[in-house]
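**Q** In our numbering, the protein residues as written are 377 to 561. Handing you this structure, nothing more for now.
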């Protein structure tokens, strides 16, 4: 369980990392920092965990050398945000991030069931504001993929809803076609 944290405090990434390093959260606590607020994340349900694995598996067949797929690891977006997206495709290799978290991603995928409104709202805005050009929400409720592109400071300029029978191509891998149904548990 998370400690009681002051709601009025706007946490910086530096303060957040010091809190984590000092053992401010138990090992099983799932939290992330977004826009200065420490967000308590829900435990993962089986369908969510399976979907994250399916997305990662599909992307492994697409993503070439020079890129790394990170699953549920921090992304140091800005001074007040360090979210832990379900999947992030970043430049480089795994060891490139031994001393620091990446500060951007070429593709982020969030798997959403209970977190759908958060992923469509606050997270989408933070990712767009920080230049993530390709943002997907695998919407487990509606069994569809929401694709956001055209990142701007105020959000994404384009949103496309692809049902389970449709296909998607990651911007980072234009040769790859992924069936949405292959991503769904």
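Every residue gets a Cβ at the ideal spot worked out from N, C-alpha and C, and that includes glycine.
Can you tell me which residues form a DSSP beta bridge with residue 444?
**A** Answer is 466.
**Q** Only counting the same chain, and skipping five residues up and downstream in sequence, which positions put a Cβ closer than 8 Å to that of residue 517?
**A** So the qualifying residues of the chain are 488, 489, 492.
**Q** When burial is assigned at 16 or more other CB atoms within 10 Å of the CB, is residue 459 buried or exposed?
**A** Result: buried.
**Q** Would residue 481 pass as a contact of residue 451 if the rule is Cβ separation under 8 Å?
**A** Result yes, Cβ atoms of residue 481 and residue 451 sit closer than 8 Å.
**Q** Counting Cβ pairs, one atom from each stretch, are 3 or more of them under 8 Å apart for the stretch 462 to 482 and the stretch 525 to 532?
**A** Because the criterion of three Cβ pairs below 8 Å is not met, the stretch 462 to 482 and the stretch 525 to 532 do not touch.
**Q** Spell out a yes or no on whether the stretch 519 to 526 and the stretch 398 to 415 are touching, meaning 3 or more CB-CB pairs, one atom from each, closer than 8 Å.
**A** No, the stretch 519 to 526 is not in contact with the stretch 398 to 415.
**Q** Give the DSSP-derived three-state secondary structure of residue 528 in the structure shown.
**A** Reduced to three states, the DSSP call for residue 528 is strand.
**Q** Determine the closest residue to residue 387 out of 514, 457, 416, with distance taken between C-alpha atoms.
**A** Comparing Cα positions, the closest option is 457.
**Q** When the distance is taken between beta carbons, is residue 561 closer than 8 Å to residue 434?
**A** Contact: no.
**Q** Can you list, in chain order, the residues of its chain whose CB lies under 7 Å from that of residue 469, leaving out five sequence neighbours each side?
**A** Closer than 7 Å at Cβ, skipping near neighbours: 444.
**Q** My assumption, with CB atoms under 8 Å, is that residue 510 sits in contact with residue 430. Please give the rounded CB distance.
**A** Wrong, their Cβ atoms sit about 18 Å apart, outside the cutoff.
**Q** Going straight from the alpha carbon of residue 391 to that of residue 446, what length do you get?
**A** Approximately 24 Å between the Cα atoms of the pair.
**Q** Tell me the rounded alpha-carbon separation between residue 535 and residue 515.
**A** About 13 Å.
**Q** Where does the unbroken alpha helix (DSSP H) through residue 433 begin, and where does it stop?
**A** It spans 422 to 436 - the alpha helix (DSSP H) in which residue 433 sits, taken as one unbroken run.
**Q** Start and end of the alpha helix (DSSP H) containing residue 503?
**A** 500 to 505 is the span of the alpha helix (DSSP H), which, as asked, contains residue 503.
**Q** With a threshold of 16 other CB atoms inside 10 Å of the CB of residue 462, please say whether the residue is buried or exposed.
**A** Classification of residue 462: buried, given that the 10 Å Cβ count is 16 or more.
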